[in-house]
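I have placed the structure first, in the form of structure tokens, so that the comments after it can refer back to it.
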Amino acid sequence: MSKKRSQKAYNDVIEFMNPKIPPDIEDEILGAFATYSIESDMTSQNLPDFYNDLQMPREFTKMLNVQNVCIEDTNIVSFDKLLKNTFHLLIFMNNAEVIDTQWSMLVVACGRDKQFPTVALRNHVLSIKDLQKIANGINMDNGALLDMLSCATSGKRVYLTWLDFSFVLGKLGHLVF
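Below is the structure:
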């Protein structure tokens, strides 16, 4: 990979992981957050109502791991984490068609669509075995897909979700925001 492309790839990751959130979006998120934190700390139990106030569809917000927006080892919501995660969800909502198309290719390539025909596309979960099946099907080294899994889950899980895959696409610079 050329140095220029390598630098662009690194910049794509940094830009996605630390996005410049437009002031109007930040203000709207802050307003909703304030509703739940005026008299006491906002907790993870307030999240469904918070996202409802922002009119964000449950099909997206249910995918978020509440610990990703809470202060470590508590159920108290961190505004900075909530702001970034909510903005990422907005990016995923705006790019859902792109994400769905590419996710669908993975789901079909490993055969989960036939194995679990009643599972909605975004609810499929790809295991290491599924990723290996995909890699073998395209004569690709298993290592690259396993690296993607490790990158997507920070090495914490041995399966990949639609949301994990969305983060990978964002880090690669494939999502518009």
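Going left to right, the sequence shown walks through residues 1 to 177 as full-length UniProt numbering numbers them. Every residue gets a Cβ at the ideal spot worked out from N, C-alpha and C, and that includes glycine. Bear in mind the structure is a predicted one, so any value in this text is a computation, not a measurement.
Check each candidate in the options and name the one with the smallest Cα separation from residue i.
i: Asn75; options: Leu82, Leu83, Lys81 and Val66; result: Val66
i: Phe79; options: Met105, Glu97 and Phe33; result: Phe33
i: Val108; options: Val158, Arg122 and Asp53; result: Arg122
i: Ile21; options: Gln55, Met140 and Ile91; result: Ile91
Using 9 Å as the threshold, is the C-beta distance between residue i and residue j below it?
i: Gly170; j: Phe16; result: yes
i: Met93; j: Pro57; result: yes
i: Leu30; j: Phe60; result: no
i: residue 227; j: Pro23; result: Because the chain in this structure spans residues 1 to 177, residue 227 falls outside the shown range and cannot be described.
If I measure Cβ to Cβ from residue i and keep anything under 6 Å in the same chain, skipping five residues before and after, which residues do I get?
i: Phe165; result: Trp103
i: Gly111; result: none
i: Gly173; result: Asp12
i: Met1; result: For Met1, the predicted model reports a pLDDT of 49, less than 50, meaning its position is unreliable; a value from the coordinates is still stated below. Same-chain partners within the cutoff: there are none.
i: Val158; result: Ile128
i: Leu54; result: Ala32
In the DSSP output, what is residue i paired with across the bridge?
i: Tyr36; result: DSSP, once it has assigned bridges, lists no residue as partnering Tyr36.
i: Leu126; result: Leu160
i: Val77; result: Cys70
Can you list, in chain order, the residues of its chain whose CB lies under 8 Å from that of residue i, leaving out five sequence neighbours each side?
i: Glu39; result: none
i: Val119; result: Arg112
Within a Cβ cutoff of 7 Å, which residues of the same chain sit near residue i, ignoring the five residues on either side of it in sequence?
i: Ala152; result: Leu160, Asp164, Phe165, Phe167 and Val168
i: Asn142; result: Gln132 and Ala135
i: Lys114; result: none
i: Thr43; result: Asn75, Ile76 and Val77
Taking 8 Å as the line, does the beta carbon of residue i fall inside it for any heavy atom of the ligand MG?
i: Ala32; result: As far as ligands go, the structure on display features none, and thus does not contain the ligand MG.
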